[in-house]
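Reviewing the structure listed below.
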Amino acid sequence: MERRLGRGLSSLLGGAASGNPASHTETQQPTELPVDEIRPNPQQPRIRFDEAALEGLRDSIKLHGVIQAIAVRRTKVGYELISGERRLKAAKMAGRPSIPVVIHKDVSDDQALEWAMVENLQREDLDPIERAKGFQAMMSSLSLKQEQVAERVGLKRSTVTNHLRLLELPGEIQEALIQGLLSMGHARALAGLANADQQKELMGKTVRQGWSVRQLERKVRTLSSREQVRPAVAGGPDQGQKASWIQDVEGRMRESLGTQVVVNHRADGGGKVSISYHDTEELNRVLDRLAPRRLI
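So the sequence shown is numbered by our numbering: it starts at 3 and just counts up by one.
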């Protein structure tokens, strides 16, 4: 996955940024705060923390201390974490009474959410479902569209869209993705099926038989073809398996448009192409590809 600093993150982490970072920072140099006086960020997108990684960070802090200060903001009831939750947790585990912090002022809830999300995306990989829920939270809390979320976290819009689609999958599949039993590619292939029971059935076979993403994609195409293609003549042979050239055409169009495409080809040479879209934003993106407006 591509990595670019999101808007505002460079100032949060002490790098160059547009504007004057000092105007948002009370302490230019890190200062120490008692760990017990720092409240966790309630909008933290990360839900699960790798215990082994935390223990490794704890041991490092015992030997070397906290190398990079965490970011906090001042609130009416003390200090609230903006970013650096792993370092704060590990410092507590190491028995440190205090931790170096940079105190930021005038940081809104929206900015805190944005910075926490971007910091996690750039520093520590969330699992795909946590990332998807983080994108969803940004859209809900900040009233953002997918393209705006993508811009703020420094990712492609298609990456945000593909993650959000994961939240439409059955809970069993989401859990398998969280546990690492499925890859993002597997989940995207399963999302191509509309039937939840079929999705779960193929998910089980994928895990048990160790299917690759390509193997699963072939199974999905075959299953989709059987549902959508009917015999051309009553009593005629079963045409459930689409011709390879049709599957190739569907794959090329999906690759180009970034959405589900189904080609139904008749024996007389005619047929129909069905293009799916997730929302009006995606419809407009497909239209821009297929029929861009002419400049007058």
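Backbone N, C-alpha and C define an ideal beta-carbon position, used for all residues, glycine too.
If you compare the alpha carbons of Asp199, Glu203, Ser185 with that of Arg216, the shortest gap goes to Ser185. When Ser227, Val288, Leu204, Ala198 are compared, the shortest CA-CA separation from Arg256 is found for Val288.
Gly67 and Val104 have their alpha carbons spaced roughly 16 Å apart. In this structure, the beta-carbon distance from Glu34 to Ser100 falls below 8 Å. The residues Val37, in chain order, have a CB closer than 8 Å to that of Lys94 in the same chain once the five nearest residues on each side in sequence are set aside. Inside the region 33 to 87, DSSP marks whole alpha helix (DSSP H) runs of 4 or more residues at positions 53 to 66, from first to last along the chain. Distances from the CA of Ile277 to each of Ala269, Leu259, Asp270 were compared; the closest alpha carbon is that of Leu259. Gln211 has its alpha-carbon roughly 35 Å from the corresponding atom of Ala139.
Rounded to whole angstroms, the separation of the alpha carbons of Thr261 and Asn286 is 12 Å. Within the model, the alpha-carbon separation for Trp247 versus Arg268 is close to 13 Å.
Per DSSP, reduced to three states, the secondary structure at His188 is helical.
For Leu179, the closest C-alpha among the options Thr163, Ile131, Glu170, Gly194 is that of Ile131. With respect to the 8 Å criterion, Leu204 and Leu192 are classified as neighbours on the basis of their beta carbons. For Gly97, the closest C-alpha among the options Ser214, Arg60, Gly136, Ala198 is that of Arg60. Assigned with DSSP and collapsed to three states, Pro130 falls in helix. Between the alpha carbons of Ile40 and His188 lies a gap of roughly 40 Å. Contact between Lys207 and Pro172 fails: their C-beta atoms lie close to 15 Å from each other, not under 8 Å. With at least 16 other beta carbons inside 10 angstroms of its own, Ser85 counts as buried.
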